[in-house]
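In this note's numbering, the protein residues as written are 1 to 379.
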């Protein structure tokens with residue numbers, strides 16, 4: 001019964017979130033000539049008990065930092081605290097140790113997203129202290145809404161838990177703690193022969209947002225049902241806590257660029273090198289000056305993401321590079337390569353049935369679906 005209810009709610013959410021519109025300001029598969037993107041090329045861990053220069057805040061986002069980590073707080077209807085890592089990974093493993101936001105109508109999100117709208121998600125509802133949701137999208141395809149899943153978690157709102165995504169050219173694996181809860185292979189039927197499999201350089205983004213502000217608004221009716229009903233701001237504030245994030249790039253860093261409009265991983269080129277040897281497919285040349293154009297995802301929301309683009313250095317696909325320090329972000333040496341499981345902590349249970357969803361990241365679309373009309377956010 002619970003499974004049926006969850007699936008029905010997810011269908012409503014998926015169908016209604018499509019009403020929003022998210023797009024990339026430079027999408028290579030549409031023929032756009034886009035600047036190469038800075039690759040990480042190593043493994044780093046950010047301790048969010050203090051601010052890190054490796055993450056970009058949305059204008060209007062003002063995070064506090066304490067013993068519980070970064071605080072993503074919603075206290076008024078325009079709040080949508082959001083940050084994005086400033087470099088890309090080309091396959092890799094990412095882990096977050098966090099507590100999701102409480103409160104009916106709130107949504108917490110931790111996602112990977114690319115310029116061509118490949119996407120891998122973790123999402124939590126403030127009305128559900130028993131589950132986390134997983135999802136993926138390839139090139140923004142919304143022809144079906146059957147790619148999501150629900151996974152049991154013991155009190156994700158009250159308890160710090162580590163969630164991981166291990167993303168390779170062969171499979172995506174979602175972990176809760178050390179427990180594998182879901183695997184999607186490159187050739188899974190839901191990837192449509194691999195064409196909808198996420199396979200282009202992506203950045204980590206995370207934030208919290210209001211999934212339901214006005215249940216009487218027909219534009220957000222499905223989102224409201226999915227989010228469990230309207231938020232009651234008089235009972236807030238509502239805070240999502242992120243203690244730490246670890247990001248490992250299985251690529252070799254340098255600059256990642258697209259050699260054609262196919263959106264395939266074979267089309268990605270890098271200026272980096274692996275283990276001191278150049279990537280044989282790294283045919284691009286680093287520009288003399290590095291442009292700060294984001295090529296990121298644009299959303300009609302409450303703020304504009306600030307930019308701190310710098311000329312990158314690093315090493316290229318397919319092996320992880322050596323560790324380097326980044327301010328308050330600490331680097332570790334590369335661990336295992338493709339298909340490695342995480343060494344995270346937390347309580348994970350088992351994967352359940354799929355849950356339909358939308359074309360783009362829920363935490364981005366939801367902001368716009370509320371109709372706040374407060375500007376443009378460059379993620």
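Built from N, CA and C at the ideal position, the CB exists for glycine as well.
Bear in mind that the values here come from a model prediction, so they are computed numbers and not experimental data.
| Query | Result |
| --- | --- |
| Compare the beta carbon distance of residue 228 and residue 82 with 7 Å and say whether it is the shorter of the two. | no |
| Taking the alpha carbon of residue 183 as the point to measure from, which residue in 233, 135, 263 has its own alpha carbon closest? | 135 |
| DSSP puts residue 166 in a beta bridge; with which residues? | 93, 173 |
| Assuming residue 118 and residue 198 are in contact, meaning their beta carbons sit under 8 Å apart, how far apart are those beta carbons, in whole angstroms? | 4 Å |
| Return the chain-ordered list of same chain residues with a C-beta closer than 7 Å to the C-beta of residue 267, the five sequence neighbours on each side being excluded. | 258, 259, 260 |
| Between residue 36 and residue 215, what straight-line distance do the alpha-carbon atoms span, to the nearest angstrom? | 42 Å |
| To the nearest angstrom, how far is it from the Cα of residue 156 to the Cα of residue 165? | 17 Å |
| Nearest to residue 130 by CA position, among 224, 158, 169, is which residue? | 158 |
| Assuming residue 71 is part of the beta strand (DSSP E), what are its boundary residues? | 69 to 74 |
| Residue 45 and residue 244 look like a contact to me (Cβ under 8 Å); what is the Cβ gap, rounded to whole Å? | 6 Å |
| Straight-line CA distance for residue 188 to residue 174? | 15 Å |
| Sort out for me which residues DSSP pairs residue 205 with in a bridge. | 84, 111 |
| Using the DSSP secondary-structure output, state which residues sit across from residue 249 in a beta bridge. | 92 |
| Is residue 248 buried or exposed, if buried means 16 or more other CB atoms sit within 10 Å of its CB? | buried |
| Excluding the 5 residues flanking residue 73 on each side, which residues of the same chain have their C-beta closer than 6 Å to its C-beta? | 237, 239 |
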